[in-house]
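Residue numbers (the numbering used here): 79 to 200.
Following this line, the structure appears as structure tokens:
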């Protein structure tokens, strides 16, 4: 293919796909379902904050610090919005660690773990 034909082909691709650029930018928000646990130690979180068991915070392996997620207990429908401020959980099969206060609000503090759905909120 010559330089001019190649440029015309590339320009055609640009214009054909350019009209859908807005759709490509609309990625679905992060959502996941799996097991949650809670932790209540009194130390520093991965972002440097002092961990407070009374705060509505959570640990996630990959979501950026400051991300807000809605966590819903699948078995009872209770949900809370938590701010990611730590890394974890480090137990296979778990997708999020929540603070003691969050576990209480979600209704699984006594049990220790629960199946939850998490979704990023604005």
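Ideal Cβ positions, reconstructed from N, Cα and C, are used throughout, including at glycine.
Here the structure is a predicted model, which is why all the values come from computation and not from measurement.
Under the three-state DSSP convention, the category residue i falls into
i: residue 157; result: strand
i: residue 133; result: coil
i: residue 187; result: coil
i: residue 111; result: strand
i: residue 180; result: helix
Pair within 8 Å by beta-carbon distance, residue i and residue j
i: residue 178; j: residue 161; result: no
i: residue 158; j: residue 146; result: no
i: residue 193; j: residue 140; result: no
i: residue 175; j: residue 116; result: yes
Any non-hydrogen atom of the ligand GDP closer than 7 Å to residue i Cβ
i: residue 129; result: Absence of the ligand GDP from the depicted structure is noted, as is the absence of any ligand whatsoever, leaving it without description.
Nearest-angstrom Cα separation, counted from residue j out to residue i
i: residue 164; j: residue 198; result: 16 Å
i: residue 182; j: residue 172; result: 18 Å
Option nearest residue i by Cα separation, candidates the options
i: residue 184; options: 113, 124, 125 and 142; result: 113
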